[in-house]
Ligand code: AGP
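In my numbering, the protein residues as written are 146 to 748.
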């Protein structure tokens with residue numbers, strides 16, 4: 146997610162903006178920039194890489210009289226992380242400068258319309274389209290506020306933006322739609338930012354903007370308007386009691402918990418621009434034939450996402466699918482044919498084993514499709530095509546929201562490649578369920594966390610535990626076990642439930658409980674039999690299931706039912722929260738577990 150800060154007041158704007166961007170660095174970014182209004186001129190400075198590079202560009206520049214400006218740290222979604230794509234972006238006349246966080250879904254259509262009117266674009270970003278559109282509408286109506294509203298009325302997607310105008314040096318405009326933006330109220334100075342830490346040292350008085358609102362700020366005045374009617378909105382002023390570090394976590398105790406609770410938005414962002422006319426659109430695959438065979442290569446949690454995706458690619462799309470850990474793929478001598486499509490799944494896009502396996506696949510002539518979260522990462526750049534999961538930066542070492550975004554994209558792939566096989570009604574049911582999923586998750590997560598806290602007190606003392614599942618729940622059992630292992634250091638075994646009786650059942654006793662993933666599906670009777678085997682040996686069972694499902698268990702933990710195969714997207718947060726609360730109960734360092742690195746860039 147990008148970082149935005151805007152300022153107008155009595156201080157030199159550049160130091161305030163740079164200070165604010167530094168407090169937003171935790172959000173992750175790959176380029177940065179700022180623009181200030183000095184007299185009737187705009188000064189725009191941008192740099193690739195970290196803020197130190199921007200600092201270097203600012204040396205020697207005297208912008209001391211500039212009291213209004215905007216700054217931005219960019220997390221690339223459209224266009225590589227290079228200077229021409231860095232924010233702020235200006236309109237063709239150079240009158241306006243704008244910074245943006247979000248995804249303009251219809252940017253291609255808007256860009257074509259503007260190009261047809263003679264607008265020349267200098268970047269690949271959706272943001273430049275937004276500022277050019279705003280400038281067009283302002284030129285047409287002659288009023289900045291009305292022009293912004295007219296432009297936003299044509300925009301589809303998510304945005305938080307801040308805009309300055311060299312013709313009004315003390316004024317700043319901003320607005321939001323499905324992307325966070327908050328107003329900071331100082332004394333003879335005001336701020337806007339994508340997150341509170343950016344201006345917390347200057348003021349704790351904030352106004353939270355809602356979707357469909359725009360704000361106009363000057364050093365001594367501020368006003369919030371409805372973006373369509375331009376009617377003035379009454380807003381509540383809140384006082385922030387957090388410190389900066391707590392604010393960076395959005396008030397959550399750990400980044401892992403914050404990222405678990407970001408998953409509703411992650412689902413929305415993974416779907417952004419990919420649902421149209423009752424079907425799935427994947428422009429990144431244009432011109433590619435339906436694969437004869439898919440080989441997934443990945444590591445860790447991404448490997449689990451691939452294993453889950455296999456069930457969909459085979460049963461829905463009818464594509465033979467093999468899933469390998471990248472480290473085994475590298476040395477296993479496995480057959481890869483030029484007709485294969487190799488899907489390389491990686492949140493960081495820098496995992497050494499996955500990158501090496503990708504290169505082997507390219508050498509074999511296969512088509513490589515990268516499924517990455519970091520734009521411009523090595524795996525993204527070396528893939529033939531790349532599908533970005535758009536989950537925003539994942540700070541916590543334990544991967545959570547990345548897997549949710551990977552599963553959503555894999556489901557879209559299965560629907561896309563299986564569109565000739567899957568009936569229209571099933572597709573409609575799944576897409577309807579996907580569209581509803583963010584709200585279901587938002588309603589469910591707080592209760593799940595509360596229940597996980599209670600369950601943690603019961604299960605934290607075990608010497609180890611099983612995670613059992615069948616079908617698509619088997620990869621989730623593996624993921625649940627990995628989450629527990631890596632942040633609480635309790636040994637856990639993820640197993641295919643049908644495999645348990647072939648030896649591992651010997652482990653069962655009172656201190657080796659079983660977490661069973663048992664949804665209301667065709668495998669429920671089989672799971673019941675497996676759990677009766679566990680009960681017969683005195684094992685405790687925590688069954689993560691759907692409301693009303695009857696299974697032998699010590700504890701029943703219900704997650705909402707969803708049309709197959711969406712159930713896994715509701716089980717996954719429960720597994721994440723269980724591991725999180727057990728680790729917290731045991732006093733572990735949740736965000737930085739021992740021995741682990743966020744991106745394993747070595748063999
Ligand atoms: C997951 O919680 C781990 N941190 C780890 O297994 C991770 O998923 C793995 O290293 C792969 O990382 P990637 O997705 O960035 O390639």
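A virtual CB, placed ideally from N, CA and C, is assigned to each residue, including glycine.
Shortest gap from the CB of residue 480 to any heavy atom of the ligand AGP: 8 Å or more. Straight-line spacing of the CA atoms in residue 699 and residue 693 works out to 15 Å.
Boundaries of the beta strand (DSSP E) harbouring residue 304: 302–310, taken from the DSSP string. For residue 467, the enclosing beta strand (DSSP E) stretches over residues 466–470. Using a Cβ distance threshold of 9 Å, residue 459 and residue 442 do not count as a contacting pair. Under a 10 Å Cβ-count criterion, residue 396 is classified as exposed, with fewer than 16 other Cβ atoms of the shown protein chains found around its own Cβ. In terms of Cβ geometry, residue 606 and residue 654 do not form a close pair [threshold 9 Å]. Neighbourhood of the ligand AGP, defined by CB distance below 5 Å to any of its heavy atoms: 444, 445, 446, 447, 491, 492, 493, 496, 543, 544, 745, in chain order.
In terms of CA proximity to residue 376, 360 leads the group 390, 360, 388. Taking 9 Å as the cut-off, the Cβ atoms of residue 601 and residue 730 count as close.
At a Cβ-Cβ threshold of 9 Å, residue 337 and residue 149 count as neighbours. Sorting 646, 345, 702 by C-alpha distance to the C-alpha of residue 676 places 646 at the top. Residue 338 sits in a strand when the DSSP states are folded into three classes. For residue 329, the uninterrupted beta strand (DSSP E) run begins and ends at 327–330, by DSSP. Looking at the backbone, the Cα of residue 640 and that of residue 153 are separated by about 58 Å. For the pair residue 415 and residue 554, the CB atoms are nearer than the 9 Å cut-off.
Fully enclosed alpha helix (DSSP H) runs of no fewer than 4 residues occupy 618–633 of the region 611–670, in order along the chain. Excluding residues up to 5 positions away in sequence, 289, 292 lie with their Cβ nearer than 7 Å to the Cβ of residue 283 in the same chain. Within the region 408–445, complete alpha helix (DSSP H) segments of at least 4 residues are found at 408–416, given in chain order.
According to the DSSP assignment, residue 406 belongs to the alpha helix (DSSP H) that extends over 400–406.
Nearest to residue 321 by C-alpha distance, out of 306, 524, 686, 741, is 306. Spatial neighbours of residue 325 in its own chain (CB-CB distance under 7 Å, excluding positions within 5 residues in sequence) are listed in chain order as 305, 339, 340.
Around the CB of residue 232, 16 or more other CB atoms lie within 10 Å, so the residue is classed as buried. Taking C-alpha positions only, residue 578 is separated from residue 615 by approximately 22 Å. Nearest in C-alpha terms to residue 273, of all of 236, 263, 261, is 236. With respect to the 9 Å criterion, residue 151 and residue 244 are classified as neighbours on the basis of their beta carbons. Spatial neighbours of residue 467 in its own chain (CB-CB distance under 6 Å, excluding positions within 5 residues in sequence) are listed in chain order as 440. Distance from the CA of residue 592 to the CA of residue 683, rounded to the nearest whole angstrom, comes to 29 Å. For residue 702, the secondary structure class from DSSP, reduced to helix, strand or coil, is strand. For the 9 Å CB-CB criterion, residue 613 and residue 548 do not form a contact. Per DSSP, the beta-bridge partners of residue 217 are 149, 178. As far as DSSP is concerned, residue 603 takes part in no beta bridge. For residue 549, the secondary structure class from DSSP, reduced to helix, strand or coil, is helix. Straight through space, the alpha carbons of residue 316 and residue 626 are spaced by roughly 53 Å. Sequence-distant Cβ neighbours of residue 203 in its own chain, meaning closer than 7 Å and more than five residues away, are 159, 190.
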